[in-house]
Structure formats: C-alpha cells, structure tokens
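Numbering (my numbering), first residue to last: 1 to 352.
One structure below.
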Ligand SMILES: *Cc1c(COP(=O)(O)O)cnc(C)c1O
C-alpha cells in the first residue's frame, strides 16, 4: 500500500481546517442562532425556503450514494462537479512550482488547465494513434516530481475504455496518486475499476451526475478513494461545497435509478444508429469505436463540416487540434430527432 499521507503537501498535513457553525453543532435543537442565517425565511413564495445552510458533510446523500455504488461512506467525497475533486487533489498532492502531473493526450482538457492554475508542470505520455496506453512512454514520465496521474476511461474525446490490465500497470508502477476519471463509465459499467479502491490506497475514481444521470446543471461529482485521501479532501474543501438544492435533487435522482438505466439504453441504441449512418457518408473517413455518449469522427475536412453544421444550428466539438485527432469532430449522441437532423444535414452537405 502506498502511504498516501506521506505524498501530501506538508502545509496541508499541518493545516487546521475551518470549522463551520454546523461542524461545531450537528444534533437536534429547536432554535438555531449560531450561523447568522435569516430566521424569517427566504423572500420567495414559489420556492421552498432556502434560508438554512445545508449539511456540510452531505450525510444523507453520501449514505445513499455509498449504498448504491457499493462503497463505504468513508471512501466517498462529494463536490461541486468532479472538476472540484480534480482541483482539490492537485492542491493536496502537488507543491506549486515544484511538482508535476502526468496526463495521456489526447484527453480531457481540465487536467492541464487545472495543473496550470496550480502551477504544476504537465508531463505528457501520449496515447498511441489507436488511443491505447503506451506503457513504456508512460513509465518514462514516472519521475520523482510526478505526484498525480490522470487516466480518463472512457477517454474524452476518443471514447475508448482502457484495459483494466493497463490501469493496474499504472497502479503498480506509479507511487503517486492515480486518478481514474470514469465520467462516462455508466455507458460501460462492467469496465469500471471502482472495486480496486479497496486494494490500492492511491487510487481515486471520479464519477459525475453530469452525463448518464442527466443532471449536469446540479453540479455534483463524486470521488471514491481510501479514507486517508478522503480525509484530506474534506480537510481543504470549502465548508458548504454542495448546495442544498443539489443535495435535494440528487436524493430524488437516486430514488429513480431505473429511469436512468432506461436513458442509458436509449443513448447506446442511438449511438449505434448514429455510428452506422455516419459510416455511410462519403465525407466520413473513420468513426472511432465508443463506449461513451459521444462519437469521435474523422472527416475529410472537419473544419468545413463544422462550419456548415454551425450554419444549420447544429453545434459539435472540433477536436482537430488534439494529438492524433486531425480532422476529427466530437459529436454527442442526441435524441432520435436530433440525430436524424444531424445525418440529414451531413447528407445535404455532401450533395451540395
Ligand atoms: C464531462 C466530464 C466530467 C464531468 O465534470 P463535472 O464537473 O462533474 O461536470 C469529468 N471528466 C470528464 C472526462 C468529462 O468529460
């Protein structure tokens, strides 16, 4: 087991965290005059009262999430999107101006931006042109200053899942924090490495409500890892980092998970249809296999297609400037009508 506490920045280990009013008292009481809230309520009539601070530890929600995800509450962190977890992890383990993070481009852009904000060097171990992990290039980046490794699986923008053996290779050879971002794993749940948090103290698995759960607007992300890392994340997070509105909606969502499953099945069905239709087009060179809710598509002239679609009011993501992604657009799977409209527009473009 990696001693994760030894990896943390000294100032974080020595930090005395802020204690909110609701940290100092959390039992039952009749009159709360401890947090300078407005006791008269919220000056709205069509919205439930919002005048009290939410539970800073999100106890009810964490309990439910831990139950559904098959983990312990002490292995669970909730944040303002998984982006919050990414930032907190960098701040816990990366000494600014000194340490580094390892990423495998092409991948999710936030890792690099967040590293830049935190003044951490970015070490790159590019994927192969088939978007697979290049173990030897990765191992070359396991330098002493490398404190965190980010593996996005399924990877954004490429859509492929990494082999469990590759992720275990990283876990066994890298003694910093290994973050596996599973934002899209609900579309291929059998390939999750979440159970490995019981074996590797330095593994952090990220999940989100923004994709399969259909709730990007509530901003709720999860990090599952060893209780030691959770303790550090809780120590430095803002006291009320998950709003009460978010906690309320999330609890309702968790009580309706069969509907989420139905959406996932529809999205996968639509992805398969979209993939077939795209492959029939002359302008399409390649549709990469995807285990997510989007497709990476190589066109003969991505920029021209992008501009044409935009004119027609259809916005996709141009990923052409990413490594190994020249002339590639990333297309999110939409509703049936949206996907039909996309294919129609592309056919018109070809025939124009
Ligand atoms: C969409 C996405 C997320 C989600 O971030 P939130 O802050 O939870 O909305 C995380 N990681 C990747 C790779 C994503 O594509």
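Backbone N, C-alpha and C define an ideal beta-carbon position, used for all residues, glycine too.
Among the options, nearest to residue i - alpha-carbon criterion
| i | options | result |
| --- | --- | --- |
| residue 149 | 102, 282, 136 | 102 |
| residue 340 | 119, 5, 185, 271 | 271 |
| residue 77 | 342, 169, 221, 284 | 221 |
| residue 218 | 257, 198, 229, 252 | 252 |
| residue 210 | 11, 35, 292 | 292 |
| residue 179 | 53, 191, 200 | 200 |
| residue 264 | 237, 66, 184, 18 | 184 |
| residue 61 | 73, 53, 50, 52 | 73 |
| residue 233 | 294, 305, 75 | 75 |
| residue 49 | 181, 192, 40 | 40 |
| residue 56 | 115, 167, 242, 288 | 242 |
| residue 100 | 7, 348, 295, 82 | 7 |
| residue 303 | 323, 314, 327, 322 | 327 |
| residue 188 | 144, 170, 347, 212 | 212 |
| residue 19 | 321, 286, 237, 261 | 237 |
| residue 26 | 54, 10, 324, 262 | 54 |
| residue 163 | 308, 134, 235, 94 | 134 |
| residue 143 | 17, 157, 124 | 124 |
| residue 96 | 5, 10, 288 | 10 |
| residue 258 | 314, 15, 214, 167 | 214 |
Buried versus exposed call for residue i [16 or more other C-beta atoms within 10 Å across all chains shown]
| i | result |
| --- | --- |
| residue 1 | exposed |
| residue 280 | exposed |
| residue 128 | exposed |
| residue 111 | buried |
| residue 44 | exposed |
| residue 79 | buried |
| residue 58 | buried |
| residue 155 | buried |
| residue 84 | buried |
| residue 92 | buried |
| residue 157 | buried |
| residue 229 | buried |
| residue 33 | exposed |
| residue 161 | buried |
Beta bridge counterpart(s) of residue i as assigned by DSSP
| i | result |
| --- | --- |
| residue 224 | 76, 205 |
| residue 63 | Note: residue 63 sits in no beta bridge, so no partner. |
| residue 328 | 298 |
| residue 286 | 298 |
| residue 181 | 152, 206 |
| residue 219 | Paired residue(s): none; residue 219 is not in a bridge. |
| residue 46 | In DSSP, residue 46 forms no bridge with anything. |
| residue 318 | 329 |
Check: residue i C-beta below 7 Å from any heavy atom of ligand 3
| i | result |
| --- | --- |
| residue 138 | The model on display carries ligand 1 but not ligand 3. |
Chain D contact for residue i (CB, 8 Å cutoff)
| i | result |
| --- | --- |
| residue 71 | Chain labels in this structure do not include chain D; a single protein chain is all it has. |
What runs of the alpha helix (DSSP H), each 4 residues or longer, lie entirely inside the region 66-113? Uninterrupted alpha helix (DSSP H) stretches at least 4 residues long and entirely within the region 66-113 occur at 82-93, given in chain order.
Could you name the residues whose beta carbon sits closer than 5 Å to any heavy atom belonging to ligand 1, keeping them in chain order? Look at which beta carbons fall closer than 5 Å to any heavy atom of ligand 1; those residues are 81, 82, 83, 108, 152, 156, 181, 183, 208, 210, 221.
Any alpha helix (DSSP H) of 4 or more consecutive residues that is wholly inside the region 116-169: If only uninterrupted alpha helix (DSSP H) runs of at least 4 residues are considered, those enclosed by the region 116-169 are 135-140.
Enumerated in chain order, which unbroken segments of the beta strand (DSSP E) with a length of 3 residues or greater are wholly contained in the region 244-289? Listed in chain order, they are 284-287.
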